[in-house]
Amino acid sequence: MTGPAGLSKPDAGVSRDRASMKIVPVRHPWRWVTSGVILVLVAMLVNSLLFSHVVRGGTREGRFQWAVVGHYLFATPVLRGIVVTLELTVIAMVAGVVIGIILAVMRLSPNRLLSGSAWLYIWFFRGTPVLVQLTFWYVGISYLYTHLTLGVPFGAALVTLNSTTLITSFVAGALGLSLNEGAYMSEIVRAGIISVDEGQTEAAASLGMSKGLTLRKIVLPQAMRIIIPPTGNETISMLKTTSLVSVISGVDLFQATQNISNTNYEVVPLLVVASLWYLFFTSILTIGQFYVERYYARGAARALPPTPFQRLKMSLHHVRAKPVPALSEVPWVAPHD
Amino acid sequence: MVEAIGVHKAYGRLEVLKGIDLTVQRGEVLCLIGPSGSGKSTFLRCINHLEKIDGGALSVDGELVGYRQSGNRLYELKDHEVCGKRAEIGMVFQRFNLFPHMSVLDNITSGPLWVKKAPGGSSKDRARQLLDRVGLADKVDAYPNQLSGGQQQRVAIARALAMDPKLMLFDEPTSALDPELVGDVLDVMRDLADEGMTMIIVTHEMGFAREVGDVVVFMDGGVVVEQGDPTQVLTDPQHERTRSFLAKVL
Ligand SMILES: Nc1ncnc2c1ncn2[C@@H]1O[C@H](COP(=O)(O)OP(=O)(O)OP(=O)(O)O)[C@@H](O)[C@H]1O
Ligand SMILES: [Mg+2]
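First to last, the protein sequences are chains W and S.
Taking our numbering as reference, the numbering of the first sequence is continuous, increasing by one, and the terminal residue is 338.
Taking our numbering as reference, the numbering of the second sequence is continuous, increasing by one, and the terminal residue is 365.
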């Protein structure tokens, strides 16, 4: 095959000859076949979604009832549900990340009591379904503790609150989702922290930085590269997990659409309304994740990947002036033996 | 500046340092040589409080490493006191250990800004001066992975110097470098030595040790086997172990 002899520069005559030859690109017939199949399937789907009709109760109507979807897409109860969904997502993720960082640092601590209690926390919250946890926070707490007291441990009470008024379905939802998310985030953060080279901590220490400073300024920013992608995943997942608060009588996006379809029986169009909104916010989160990842890639990659906008600009440029391959760019292919 | 008397260090049951005795005067350059695993890095790390010694006494600039004397009692240093001590000692690592998420300038100002709480403007000016001194004035805004190994190591030296250390520790600063990049780093270290910086250098560059070192110490198996004038130790070693080591590396 291509030994050192094959790599050696061919003599000038041959190379000029080859450089002037027409280049025949590799053909990919199967790509055309699969593309054709996919196009047909897409056409069928679009047709079914937009143009097909069915007869329901003696009247002929569009299969997906887009008019009904459009009517409820921006209905006030739906928008209120969206606010609840977004609030729960933000609260649960922010609290989850904070709890996650604390737990991750505890788990990595040489102190057995700290690492042990973090381990126990993670074991418990990952080991029980989040649905059970939510229900527990909603009904369990008020059942076990009718009053919640803030004060000196085993001593005087400063504030006493009635649990049933304090623990609304929103509070229970936010609490349950945050505590559960913290357990998952801690494993993500821990993976990020241990991915950072020990030499970094050592170099920071040799400059006189304290452990806390080193964690904040040196270790966590580098761990972010590992932490961000799964955290984006968790956020997208959380957006939809918040719909579980419907079982503890929270009115989120999903429950809001359910409430509507319970009165007008337009079940499918309202499921479509909910799905469209979930898809919309997931798309926004996906775009956000791209830019956050790009920010934390500084110093890790020699050149940052282009943003979609930059890529568009480049390909436009490419179309306008299609470059002729320079002689030096045409790879010299050694003859096979 | 540095005084070690019978320094012991063990990892579990593995005794790495078995009683190291040596002294480094102010302004002196001590080159530490010896086979792999002889405890050279461990000793440097002990000087910089990165490891705790198990026996003997180690002092830097007249103060015991890791303890504070008060009356006739020794108090173990608190975490922030240890940090303060480390801030006075510069350390340069074999693998550079620059902070990859920060620009060259931010790497150098990180210590002064965050540890010494120095004002930003003067820290930056000083960082530029130091970069100029190590021949990298044009790399202020580069990120570490855009630099060659030799350039990274020179930035690492500048980063350590930015803390105005009274002692510099080098742990095989040129071992991870391509041969043609070694010279630039050694030039910077030579300049430092000429300016009177106290330095302890673990190195395999025998030529450099001979030229720049005031003392060469040969360590093997956790003890100092031989020490003295570089030319004498390197060309006319008195001990068999030194002779066989030198025969292998020269
Ligand atoms: N953290 C540690 N835990 C356990 N053993 C260790 C640790 N660090 C070093 N050692 C051991 O201590 C011994 C001395 O290590 P040290 O790194 O000081 O050697 P060295 O002289 O610097 O060698 P080299 O020239 O290869 O860098 C080695 O046997 C090593 O395996
Ligand atoms: Mg070593």
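Even for Gly, the Cβ is constructed at its ideal location relative to N, Cα and C.
### Query
When every heavy atom of ligand 2 is checked, does at least one fall within less than 8 Å of the C-beta of residue 209 of chain S?
Yes, the Cβ of residue 209 of chain S comes within 8 Å of a heavy atom of ligand 2.
### Message
Which of the three DSSP states is assigned to residue 296 of chain S in this structure?
### Response
Residue state, collapsed to three classes: helix.
### Partners in chain S for residue 208 of chain W, counting only beta-carbon separations shorter than 8 Å
Counting only Cβ-Cβ distances below 8 Å, residue 208 of chain W has contacts in chain S at 201, 202, 225, 226, 230, 274, 275 and 278, in chain order.
### Query
DSSP on residue 334 of chain S, reduced to helix/strand/coil?
When DSSP states are grouped into helix, strand and coil, residue 334 of chain S belongs to the strand group.
### Query
How would you list, in chain order, the residues of chain W whose beta-carbon sits under 8 Å from the beta-carbon of residue 358 of chain S?
Here the premise fails: no neighbours, minimum Cβ distance about 34 Å.
### Task
Rounded to whole angstroms, what's the CA-CA distance from residue 47 of chain W to residue 61 of chain W? Just pull it up for me.
C-alpha separation (whole angstroms): 19 Å.
### Message
Run the Cβ filter for me: residues under 5 Å from any heavy atom of ligand 1, listed in the order they occur in the chain.
### Response
Listed by chain position, these are S:126, S:131, S:151, S:152, S:153, S:154, S:155, S:156 and S:157.
### Query
Hey, does residue 126 of chain S have any beta-carbon neighbour from chain W nearer than 9 Å?
For residue 126 of chain S, the answer is no, since every Cβ of chain W falls outside 9 Å of its Cβ.
### Message
By alpha-carbon positions, which one of W:170, W:128 and W:56 ends up nearest to residue 250 of chain W?
### Response
When each option's Cα is compared against that of residue 250 of chain W, the closest is W:170.
### Message
I'd like to confirm the pairing. Which residues does DSSP put opposite residue 133 of chain S in its beta bridges?
### Response
Partner(s): S:123.
### Task
To the nearest angstrom, report how far apart residue 45 of chain W and residue 269 of chain W are at their CA atoms.
Here the C-alpha atom of residue 45 of chain W lies approximately 20 Å from the C-alpha atom of residue 269 of chain W.
### Task
Take the Cβ of residue 327 of chain W as the centre, count every other Cβ of all protein chains shown within 10 Å, and call the residue buried at 16 or more, exposed below.
With a pLDDT of 45 at residue 327 of chain W, under the threshold of 50, the predicted position of this residue should be treated as unreliable, though the coordinate-derived value follows. Counting other Cβ atoms within 10 Å of its Cβ, residue 327 of chain W stays below 16 and is therefore classed as exposed.
### Runs of beta strand (DSSP E) lying entirely within the stretch 69-141 of chain W, each at least 3 residues, in chain order
The beta strand (DSSP E) runs of length 3 or more contained entirely in the stretch 69-141 of chain W do not exist; there are none.
### Message
To test your reading of the DSSP string, which unbroken beta strand (DSSP E) runs of 3 or more residues are found completely within the stretch 174-215 of chain S?
### Response
Listed in chain order, the beta strand (DSSP E) elements of length 3 or more contained wholly in the stretch 174-215 of chain S are 182-185, 188-191 and 204-207.
### Message
Is it buried or exposed, residue 216 of chain S, if we count other Cβ atoms within 10 angstroms and call 16 or more buried?
### Response
Looking at its Cβ environment, which holds 16 or more other Cβ atoms inside 10 Å, residue 216 of chain S is buried.
#### Entry: residue 196 of chain S beta carbon near ligand 4 (any heavy atom closer than 8 Å)
Looking for ligand 4 in the displayed structure turns up nothing; the ligands present are ligand 1 and ligand 2.
### Status (buried if at least 16 other CB within 10 Å, exposed otherwise) for residue 207 of chain W
Under this definition residue 207 of chain W is a buried residue.
### Task
Using a Cβ cut-off of 8 Å, pull out every chain S residue sitting near residue 299 of chain W, in sequence order please.
The answer, in chain order, is 216 and 258.
#### Entry: Spatially closest choice to residue 174 of chain S from S:136, S:198 and S:251, by CA coordinates
Nearest option by C-alpha distance: S:136.
### Query
When Cβ atoms are compared, which residues of the stretch 215-227 of chain W fall closer than 7 Å to chain S?
Contact annotation: in the stretch 215-227 of chain W, residues whose CB is within less than 7 Å of a CB in chain S are 218, 219, 222 and 223.
### Burial state of residue 269 of chain S (16 or more Cβ within 10 Å)
Buried, because 16 or more other Cβ atoms sit within 10 Å of the Cβ of residue 269 of chain S.
### Message
On the DSSP bridge list, what partners appear for residue 54 of chain W?
### Response
Checking the DSSP bridge columns, you'll see residue 54 of chain W partnered with W:63.
### Task
Please work out which residues of its chain come closer than 7 Å, Cβ to Cβ, to residue 257 of chain W, disregarding the five sequence neighbours upstream and downstream, and give them in chain order.
Only 78, 79, 81 and 82 meet the Cβ criterion.
### Three-state secondary structure (DSSP) of residue 318 of chain W
It is helical.
### Query
According to DSSP, is residue 315 of chain S helix, strand or coil?
Here residue 315 of chain S carries a strand assignment [DSSP, helix/strand/coil].
### Query
Using DSSP with H/G/I as helix, E/B as strand and the rest coil, what is residue 167 of chain W?
Helix.
### Task
Go through the stretch 240-310 of chain S residue by residue and report every complete run of the alpha helix (DSSP H) that reaches 4 residues or more, in order.
Counting only runs of 4+ residues, the alpha helix (DSSP H) found wholly inside the stretch 240-310 of chain S occupies 264-276 and 294-309, in chain order.
### Query
residue 300 of chain S: buried (16+ other C-beta within 10 angstroms of its C-beta) or exposed?
With 16 or more other Cβ atoms inside 10 Å of its own Cβ, residue 300 of chain S counts as buried.
### Query
From residue 125 of chain W to residue 238 of chain W, what distance separates their C-alpha atoms?
Each residue's alpha carbon lies about 20 Å from the other.
#### Entry: Any C-beta of chain S under 9 Å from that of residue 204 of chain W
Answer yes: the Cβ-Cβ gap between residue 204 of chain W and chain S drops below 9 Å somewhere.
### Query
Does DSSP classify residue 277 of chain W as helix, strand or coil?
In the structure shown, residue 277 of chain W adopts helical secondary structure according to DSSP, grouped into three states.
### Query
Excluding the five sequence neighbours on either side, which residues of its own chain have a C-beta within less than 8 Å of the C-beta of residue 236 of chain S, listed in chain order?
Once the five neighbours on either side are set aside, residue 236 of chain S has no close Cβ partner at all.
### Query
Could you check where the alpha helix (DSSP H) with residue 157 of chain S kicks off and where it finishes?
Residue 157 of chain S -> alpha helix (DSSP H) spans 155-162.
### Task
Please classify residue 183 of chain W: does DSSP put it in a helix, a strand, or coil?
Of the three classes helix, strand and coil, the one that applies to residue 183 of chain W here is helix, per DSSP.
### Query
Does the beta carbon of residue 364 of chain S fall short of 8 Å from some heavy atom of ligand 2?
Because no heavy atom of ligand 2 lies under 8 Å away, the Cβ of residue 364 of chain S does not count as near it: no.
### Task
Consider the C-beta atom of residue 339 of chain S and the heavy atoms of ligand 2; say whether any pair is separated by less than 8 Å.
No, since every heavy atom of ligand 2 falls outside the 8 Å radius drawn around the Cβ of residue 339 of chain S.
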